[in-house]
Each structure stands twice: as C-alpha cells, then as structure tokens.
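K.L.:
I'd like to ask you about the structure that follows.
Residue numbers (our numbering): 267 to 564.
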C-alpha cells in the first residue's frame, strides 16, 4: 500500500485571519507550520468564549525552514508584504500554491514579485476576526473564503475540505472581490472617526456611507464589474445590523498606530476612477485624510 503524502501547509502571518485559518486546519489534524515576527509557543482562537489552542512554535527565522511548502496561506497585511518577502523566498517552490488572504483586488500584482515561482491564488475573506489585547483572536462569525475557479485554487479548497472554513470556488470571483472592496472602502470611515459599526446607525453617517458606496459602485461598473444598484444599500445594511461594537482591521490599525491599508482599500477607487474618467469627489476627500492618518507627517 502506498504511503499517503501529507501536504506541507504554512501560515505566514498568524494574526486574526491567519490564526483563524490555522485553527480550522488544526481542528481536523492538519496543523500548519506557523511563521511570523513574534515568537509564541501557541495561538489561541476564541469562539463564543471557548478557546481553541493551535500548537506552535511560531517560527521567526527563515533559517528554520528546510524545504518548500505545498501550500502557503499569506495572511500578512499589504503594508507588510515586503517584510514577509524572505518567508516567501524560503517557503515557495515551483509547485507551491500561495493563497493570499489580504484585502483589495491587487493581490496577484503585489505578491508576484516576491513569489515568482509559485502559483498565486487571490482570496476574498468574509469572516470577522479580531485580535484581542492578550494576543488571542476572537472569531465573530462563520469562517468562509471565496476563491477563483482555477486549478491552483482547487488545491486550497482541497486543503480546507472538511474544516469549518468554507472555501467557495466562484466563476464571478472578480465581482465578489469588488463587492468586498466596497465593504472595506466604507469601513475606512470607522478609522477616521475611531468608531465601530454602531456609528452607521446615525442618519448622517448612513447618508455619507451610501453616497460613498455609490461612488465606488460607479468605478466598479466602469471596470466592467457586474454589481447591481442594490449593492450599496445591502452593504450599509450589513454594517447597521452588525453588533454595535464590531470593529474592522483598518480601525484596529488606527487604534494601535500601525500603517493603514488606505491605498488598496480606498486609494484604488480614486485611481481607477481617474483612469475611467469617473468623478470620485468623496474619495478625493477621504483618501488624503486616511493617508495622513496613516503616514503623517505630524
């Protein structure tokens, strides 16, 4: 009988998203290799107050990697890609699939220079996960990813098969990625106000958010993306129905003084709008404010 070859899976960036994926894999006996900046002997995921422990250690040196992985979940933020380049160099070989768990719609363009030999798969992350003050991660919904319907993406879906992290293969991946981009773009308002989802219950904020989402939709449509006129209201409704204390990653970065992903979440709307001659008056105000909040000076 032939020996079953167990694929080597690595998670680079065991933050909120990386910890969630690692925990889902560990739960079914597929504990991944953990790679990051901070040495830890384990990760902790909290669901409904119940902790799940993912055994480490979290490796902090690329010298601890002896061979390429079959699958890498890249879960660092876009502002941290350059810092993760050495991990990709150590982990990615000609057959390695790199699943990019990042915001935005430019994952392939941003990661390709650092993993020229791998097969890069963009993903849309739909689940809310938040890092807590003690380093644990709180998962506040069902874990779900959307992937393009490609051969490399099927490797990712197979690795997650049987876990509680659903991996959907979608022919309309670009439309779904843009829909998530609209959701992330309007969440930038939370970083500017230092407020959580409850702020969208204000009529003035709801009006601003809806106008901004419609601006983003106009740019998406100019890109040839099929999203209907109902999408802005649906996204706003999602924020309004969320728990009032629900945060978002860009708000967390603002609160902790880390660089913001303002360009790939908000700047891209203005950039693509200019390319198509679509006016983006709200973006023209929000983007400089987010950029200054992130990068200064001052």
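Built from N, CA and C at the ideal position, the CB exists for glycine as well.
Give the secondary structure of residue 420 by DSSP, where H, G and I count as helix, E and B as strand, and everything else as coil.
P.N.:
Correct three-state label for residue 420: helix.
K.L.:
Please report how far the alpha carbon of residue 276 lies from the alpha carbon of residue 306, in whole angstroms.
P.N.:
Their backbone Cα atoms lie some 16 Å apart in a straight line.
K.L.:
For residue 561, I'd like the list of residues in its chain whose CB is within less than 6 Å of its CB, leaving aside the five on either flank, ordered along the chain.
P.N.:
Closer than 6 Å at the Cβ level, and outside the excluded window around residue 561, lies no residue.
K.L.:
With DSSP as the reference, label residue 451 as helix, strand or coil.
P.N.:
Residue 451: helix per DSSP, three-state reduction.
K.L.:
Can you check whether the CB of residue 310 is closer than 8 Å to the CB of residue 579?
P.N.:
Residue 579 lies beyond the range of the chain shown here (267 to 564); nothing can be said about it.
K.L.:
Do the region 457-473 and the region 501-512 meet, that is, are 3 or more Cβ pairs less than 8 Å apart?
P.N.:
The region 457-473, when compared against the region 501-512, does touch it at the 8 Å Cβ threshold.
K.L.:
Under 6 Å Cβ to Cβ from residue 284, same chain only, skipping five residues before and after it: list those, please.
P.N.:
Closer than 6 Å at Cβ, skipping near neighbours: 277, 341.
K.L.:
Under the rule that 16 or more other beta-carbon atoms within 10 Å means buried, what is residue 329, buried or exposed?
P.N.:
Exposed: under 16 other Cβ atoms inside 10 Å.
K.L.:
Going by DSSP, what residue range makes up the beta strand (DSSP E) through residue 385?
P.N.:
Start and end: 385-388.
K.L.:
By Cβ distance below 8 Å, which residues in the same chain neighbour residue 286 in space, the five residues on each side in sequence not counted?
P.N.:
Result list for residue 286: 311, 393, 395, 403, 405, 409, 431, in chain order.
K.L.:
Assuming residue 338 and residue 304 form a contact by the criterion Cβ under 8 Å, report the distance between their Cβ atoms to the nearest whole angstrom.
P.N.:
Their Cβ separation, rounded to whole angstroms, is 19 Å, which puts residue 338 and residue 304 out of contact at 8 Å.
K.L.:
Following the continuous alpha helix (DSSP H) through residue 542, name the residue where it begins and the one where it ends.
P.N.:
Start and end: 534-542.
K.L.:
Would you list, in sequence order, the uninterrupted beta strand (DSSP E) runs of no fewer than 3 residues that lie entirely inside the region 333-398?
P.N.:
You should have 337-340, 363-366, 385-388, 395-397.
K.L.:
Starting from residue 485, trace the alpha helix (DSSP H) both ways and give me its first and last residue.
P.N.:
Taken as a continuous stretch (DSSP letters only), the alpha helix (DSSP H) holding residue 485 covers 469-488.
K.L.:
Of the residues 485, 492, 482, which one's Cα is nearest the Cα of residue 437?
P.N.:
If we check each option's Cα against that of residue 437, 492 comes out closest.
K.L.:
May I have the straight-line CA-CA distance separating residue 357 from residue 331, to the nearest angstrom?
P.N.:
Distance between the alpha carbons of residue 357 and residue 331: 7 Å.
K.L.:
Do you know how far the Cα of residue 470 is from the Cα of residue 422?
P.N.:
Using only the alpha carbons, I get a separation of about 42 Å.
K.L.:
Leaving out the 5 sequence neighbours to the left and right, which residues in its chain are closer than 8 Å to residue 374 when beta-carbon positions are compared?
P.N.:
Here the set comprises 366, 386, 388.
K.L.:
Just verifying my parser: in three-state terms, what is the DSSP assignment at residue 465?
P.N.:
Note: residue 465 maps to helix in three-state DSSP.
K.L.:
Can you tell me the Cα-Cα spacing of residue 513 and residue 296, whole angstroms?
P.N.:
Looking at the two C-alpha atoms, the distance is approximately 30 Å.
K.L.:
Roughly how many whole angstroms lie between the Cα atoms of residue 302 and residue 475?
P.N.:
Looking at the two C-alpha atoms, the distance is approximately 35 Å.
K.L.:
Give a yes or no on whether the minimum CB-CB distance between residue 553 and chain C is below 8 Å.
P.N.:
No chain C appears in the structure shown, which is made up of a single protein chain.
K.L.:
For residue 446, is the classification buried or exposed, using 16 other Cβ atoms within 10 angstroms of its Cβ as the cut-off for buried?
P.N.:
Residue 446 comes out buried.
K.L.:
Just to check my reading of the structure: residue 443 and residue 411 have Cβ atoms closer than 8 Å, yes? What is that Cβ distance to the nearest angstrom?
P.N.:
Rounded, the Cβ-Cβ distance is 12 Å, inconsistent with contact.
K.L.:
Near residue 300, which residues of its chain fall below 6 Å by C-beta distance, leaving aside the five closest residues on each side in sequence?
P.N.:
Hits under 6 Å: 277, 280, 322, 324.
K.L.:
Measuring only the C-alpha atoms, how far is residue 541 from residue 414?
P.N.:
Using only the alpha carbons, I get a separation of about 25 Å.
K.L.:
Give me the Cβ distance between residue 359 and residue 383, rounded to the nearest whole Å; I'm assuming they're in contact under 8 Å.
P.N.:
With 8 Å as the limit, residue 359 and residue 383 qualify as a contact, their Cβ atoms being about 6 Å apart.
K.L.:
At the level of alpha carbons, what is the spacing between residue 544 and residue 495?
P.N.:
Their Cα atoms are separated by approximately 16 Å.
K.L.:
Can you name, in chain order, every residue of its own chain whose Cβ lies under 6 Å from the Cβ of residue 536, other than the five neighbours on each side?
P.N.:
Correct list, in chain order: 546, 549, 553.
K.L.:
Count the other CB atoms within 10 Å of the CB of residue 399; is the residue buried (16 or more) or exposed (fewer)?
P.N.:
That one is exposed.
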